[in-house]
Ligand SMILES: [Zn+2]
């Protein structure tokens with residue numbers, strides 16, 4: 001990655017008058033996936049952030065809600081508008097404790113023999129192809145790559161690598177805080193999936209205790225729609241686990257469940273819109289003639305093998321009432 005790119009990755013636009021920030025290209029929504037809207041641009045006319053402001057300098061809530069999917073709209077509307085000059089570049093704020101997570105990654109990375117395994121490989125690794133095809137945000141795809149390669153600082157993994165002295169789960173006291181424990185087996189995770197099932201009917205499938213992270217990518221375990229929801233939900237659970245570990249206030253489970261369900265639903269809708277729609281054959285119903293007219297519908301059938309045929313005539317007036325008709329059979 002070039003130096004400039006690395007720099008830009010950590011930089012974000014601070015919105016003042018919105019006049020020099022591009023909605024679709026610039027990074028400007030902090031803590032929001034790629035800092036850009038997830039909503040596809042499509043043929044929307046809005047271009048600059050200033051297009052989203054009213055003349056009095058507030059967010060045009062109505063326009064924002066109709067132009068963006070709910071998860072984007074909420075993130076934009078949460079942003080303060082200052083209107084004190086031109087937009088400017090700033091370092092993206094980092095959450096508390098992010099450095100300790102980073103140093104844990106670094107330690108893991110140096111011990112990881114394969115080096116950078118977070119890129120899709122050409123070696124026919126089917127899991128990577130499946131991850132890249134998921135209907136989830138890019139950040140969540142990277143997250144699943146890490147889950148698959150056990151490249152996340154769960155305590156049991158850090159303990160195994162002599163980075164953490166103890167391996168137990170801080171939340172429920174289970175002996176080993178593995179990734180699977182955080183995402184599926186911990187009391188919080190169980191509650192989370194219980195709520196998801198109550199809301200959507202989607203139930204986590206039974207998967208192999210060791211190969212569950214690749215099992216969930218396979219079509220025989222769940223539908224595409226459920227898979228998006230499950231993986232986004234697990235991303236939410238992992239984020240909450242990190243927040244909790246860094247002493248931050250963690251929103252109630254229900255908030256996380258709603259977030260995951262809404263996001264998965266929105267993304268599913270977007271991908272469904274993008275997929276070519278099969279032409280629907282509309283059955284043409286009988287339509288009445290202009291007022292004062294009669295309509296005459298005719299049809300004919302002929303069976304070449306039997307040498308027989310039939311014709312039919314129906315007359316109807318403009319209110320659809322039957323005016324007369326005739327069906328005739330031609331035996332040869
Ligand atoms: Zn636990």
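Numbering (the UniProt record's numbering), first residue to last: 1 to 332. Ideal Cβ placement from N, Cα and C applies to all residues, glycine included.
| Asked | Found |
| --- | --- |
| Contact check, residue 51 vs residue 24, beta carbons under 9 Å | no |
| Which residues DSSP lists as bridging residue 271, in chain order | DSSP lists no partner for residue 271. |
| Where residue 21 falls: helix, strand or coil (DSSP) | coil |
| Selection from 58, 66, 303, 202 that minimises the alpha carbon distance to residue 82 | 58 |
| Three-state class that DSSP yields for residue 353 in the structure shown | Residue 353 cannot be examined here, being either before or after the span of the chain that is shown, 1 to 332. |
| C-beta neighbour in chain D for residue 255, strict 9 Å | The chain labelled as chain D is not found in the depicted structure, where only one protein chain is given. |
| Assigned secondary structure, residue 316 (DSSP; H/G/I helix, E/B strand, else coil) | strand |
| Residues near residue 127 by beta carbon distance below 7 Å, same chain, minus five either side | 148, 214, 217 |
| For residue 322, the residue or residues it bridges with in DSSP | 316 |
| 9 Å Cβ cutoff met for residue 271 and residue 135 | yes |
| Chain-order list of residues whose beta-carbon lies under 7 Å from that of residue 233 (same chain, five-residue window excluded) | 192, 196, 260 |
| Beta-carbon contacts of residue 257 that lie in its chain and below 7 Å, excluding the five residues immediately before and after | 192, 195, 196, 199 |
| Same chain, Cβ closer than 6 Å to residue 45, five either side skipped, listed in chain order | none |
| Limits of the unbroken alpha helix (DSSP H) element including residue 12 | First-last for residue 12: 11 to 14, but that is the beta strand (DSSP E), not the alpha helix (DSSP H). |
| Beta-carbon proximity check, residue 86 vs residue 17, cutoff 9 Å | yes |
| Among 303, 310, 317, nearest to residue 292 - alpha-carbon criterion | 317 |
| Residue environment, residue 162, which counts as buried when at least 16 other CB atoms sit within 10 Å | exposed |
| Opposing strand residues paired with residue 330 [DSSP bridges] | 309 |
| Residue 69 and residue 266 closer than 9 Å at C-beta | yes |
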